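S.K.:
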Ligand code: AHN
Ligand code: ZN
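Residue numbers (the working numbering): 257 to 595.
1) Checking 8 angstroms against the spacing of the C-beta atoms, do residue 364 and residue 324 come in under that value?
2) Could you tell me the boundaries of the beta strand (DSSP E) in which residue 547 lies?
3) For residue 600 and residue 488, I'd like the C-alpha separation in whole angstroms.
4) What residue range does the beta strand (DSSP E) around residue 305 cover?
5) Could you tell me how far apart the beta carbons of residue 529 and residue 553 are, in whole angstroms, since I believe they sit closer than 8 angstroms?
6) Please list the terminal residues of the continuous beta strand (DSSP E) segment that includes residue 365.
7) Ligand 2 and residue 456: does the residue's C-beta get closer than 7 angstroms to at least one heavy atom of that ligand?
8) Kindly confirm or deny that the stretch 542-549 and the stretch 477-492 touch, where touching means at least three C-beta pairs closer than 8 angstroms.
9) Who are the Cβ neighbours of residue 399 in its own chain at under 8 angstroms, not counting the five residues just before and after it?
10) Just verifying my parser: in three-state terms, what is the DSSP assignment at residue 457?
11) I need the straight-line Cα distance from residue 447 to residue 496, nearest angstrom please.
12) Taking DSSP as the reference, what is the three-state secondary structure of residue 442?
13) Using the Cα positions of residue 572 and residue 432, report the straight-line distance between them to the nearest angstrom.
14) Is the stretch 460-477 touching the stretch 415-426 in the sense that three or more CB pairs, one from each, lie closer than 8 angstroms?
15) Among the candidates 503, 378 and 309, whose CA atom is the shortest distance from the CA of residue 582?
16) Run through the DSSP bridge pairs and tell me what residue 343 is partnered with.
17) Indicate whether residue 379 and residue 580 have their beta-carbon atoms separated by less than 8 angstroms.
18) How many whole angstroms separate the CB atoms of residue 304 and residue 585, which I take to be in contact at a CB cut-off of 8 angstroms?
19) How would you call residue 277, buried or exposed, if buried means at least 16 neighbouring beta carbons within 10 angstroms?
20) Quick one: is residue 381 buried, meaning 16 or more other Cβ sit within 10 Å of its Cβ, or exposed?
21) Since residue 525 is in the beta strand (DSSP E), which residue starts that stretch and which ends it?
22) Would you say the beta carbon of residue 460 is closer than 7 angstroms to some non-hydrogen atom of ligand 1?
23) Verify whether the separation of the beta carbon atoms of residue 503 and residue 424 is less than 8 angstroms.
24) For residue 294, does the count of other Cβ atoms within 10 angstroms reach 16, so buried, or fall short, so exposed?
25) Going by the beta-carbon positions, is the gap between residue 445 and residue 357 smaller than 8 angstroms?
26) Check residue 508 in the structure and name its three-state DSSP category.
27) Which class does residue 491 belong to by DSSP, given the choice of helix, strand or coil?
28) If the criterion is Cβ atoms closer than 8 angstroms, does the pair residue 352 and residue 385 meet it?
29) What separation, rounded to the nearest whole angstrom, lies between the Cα atoms of residue 273 and residue 300?
30) Below 6 angstroms CB to CB, which residues in the same chain sit around residue 280 once its five sequence neighbours on both sides are set aside?
31) Taking only the alpha-carbon atoms, compute the straight-line gap between residue 443 and residue 404 and give it to the nearest angstrom.
32) Pick helix, strand or coil for residue 380, following the three-state DSSP scheme.
33) On the premise that residue 387 lies in contact with residue 359, defined as a C-beta separation below 8 angstroms, what is that separation, rounded to the nearest angstrom?
34) Among the candidates 563, 302, 459 and 345, whose CA atom is the shortest distance from the CA of residue 427?
35) Between residue 302 and chain B, is any beta-carbon pair separated by less than 8 angstroms?
36) Run the CB neighbour count on residue 322, radius 10 Å, all protein chains shown included, and call it buried at 16 or more, exposed below.
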């Protein structure tokens, strides 16, 4: 429920009201030397509702695959814009044609939702909303050119961000927040073309590359960014991703420390992971905005992201509410603790 909030106990102190034991009606003989008491307001962090986030993922999956240029992609994009507008954000979209590495022209749309746009001090949260056109690591070769459901890869980050948006609508944070849903992240090099890796290093994350070169506001700035990618699988492990620690170590530490304090240390593990070319890489390297990636790593699976990754199995069965809660509550706590 909206009006129930989690009080962050670690920042809870000083309830004023009965200050310095003064009693009504008792005359003070001598004015005491004034002691400056710093009373900081308690930080109130909304409760992240994992059921709600889950239903936002389900809604996306129900549109069908969100492959750029398809009707199901367009419809889901309209849904996302209207949800964010419904939560009171000033939404702008970047509707652009982007060229994929294989020559496909993609009708792409970055969706930018600005909460409290008048505020100078801002935090940026992002996720990609498109889904991969090819299930190219599916165990069944017949699926290697079929679009996948994209519950975890595509749906999960957006679902968590929509749930955060729902709270931003009613509980304003001290800083302004921009939620950016990047398009065309997942149209990168097909597994069958993997020998062309160096030629097509930049075939992923086309929407974030576009935005980083052409931010919705010239010289856009924020304190930092947080990317959520593949954040729904039960038992996920979020390791320190290489570009995140390279470009934004302080933010990584801040987020992982909060996760630990909140009791989510089993998800946010204090361990180094690999470096992943994801949307945050371009936000860091092109725009120079420090941005971290919260992304599930599963070194035991064939492609390092989990057995379902880029397969037809990436459906709602791979979405776990406890994982959504860990990620969502951590990010909400980070945002609402910004002064
Ligand atoms: C690479 O596989 C190089 N980057 C992909 C990151 C990704 C794909 N995230 C979701 N799908
Ligand atoms: Zn993907």
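Even for Gly, the Cβ is constructed at its ideal location relative to N, Cα and C. These numbers were taken from a predicted model, which means no experiment stands behind them.
M.R.: In brief:
1) With contacts defined by Cβ atoms closer than 8 angstroms, residue 364 and residue 324 form a contacting pair.
2) Looking at the DSSP string, the run of the beta strand (DSSP E) that includes residue 547 is 547-551.
3) The structure shown has nothing for residue 600, since the chain only spans 257 to 595.
4) Neither: residue 305 is in no beta strand (DSSP E) and is coded neither H nor E.
5) The C-beta separation of residue 529 from residue 553 comes to about 4 angstroms, placing the pair in contact by the 8 angstroms criterion.
6) Counting along the chain, the beta strand (DSSP E) containing residue 365 begins and ends at 361-371.
7) Every heavy atom of ligand 2 is 7 angstroms or more from the Cβ of residue 456, so no.
8) Touching, per the Cβ criterion.
9) The residues are 391, 567 and 568.
10) Coil.
11) Going from the Cα of residue 447 to the Cα of residue 496 covers about 25 angstroms.
12) Of the three classes helix, strand and coil, the one that applies to residue 442 here is coil, per DSSP.
13) When rounded, the separation of the alpha-carbon atoms in residue 572 and residue 432 is 32 angstroms.
14) No: fewer than three Cβ pairs fall under 8 angstroms.
15) Nearest Cα to residue 582 within the set 503, 378 and 309: 309.
16) Paired residues: none, contrary to the question.
17) It is not a contact, given that the beta carbons lie outside the stated cut-off.
18) Indeed they touch by this definition, with Cβ atoms about 4 angstroms apart.
19) With a pLDDT of 32 at residue 277, under the threshold of 50, the modelled position of this residue cannot be trusted; read the value that follows with caution. Residue 277 comes out exposed.
20) In the assembly as shown, residue 381 is a buried residue. Its beta-carbon has 16 or more other beta-carbons within 10 Å.
21) Unbroken beta strand (DSSP E) run through residue 525: 524-528.
22) Result yes, Cβ under 7 angstroms from ligand 1.
23) With respect to residue 424, residue 503 sits apart: the two C-beta atoms are not nearer than 8 angstroms.
24) So residue 294 ends up on the exposed side.
25) In this structure, residue 357 lies closer than 8 angstroms to residue 445 by Cβ.
26) Helix.
27) Residue 491: coil per DSSP, three-state reduction.
28) Inclusion of residue 352 and residue 385 in the CB contact set at 8 angstroms is not warranted, their separation being larger than that value.
29) Caution applies to residue 273, whose pLDDT of 29 falls short of 50 and renders its modelled position unreliable; the model cannot decide the point.
30) Model confidence at residue 280 stands at a pLDDT of 41, short of 50, so the residue's coordinates are unreliable and nothing is read from them.
31) About 12 angstroms.
32) Three-state result, residue 380: strand.
33) Residue 359 to residue 387, Cβ: 20 angstroms. No contact.
34) It is 302 whose Cα lies nearest to the Cα of residue 427.
35) The structure shown contains no chain B; it holds only a single protein chain.
36) By the neighbour-count rule (16 or more Cβ atoms within 10 Å), residue 322 is buried.
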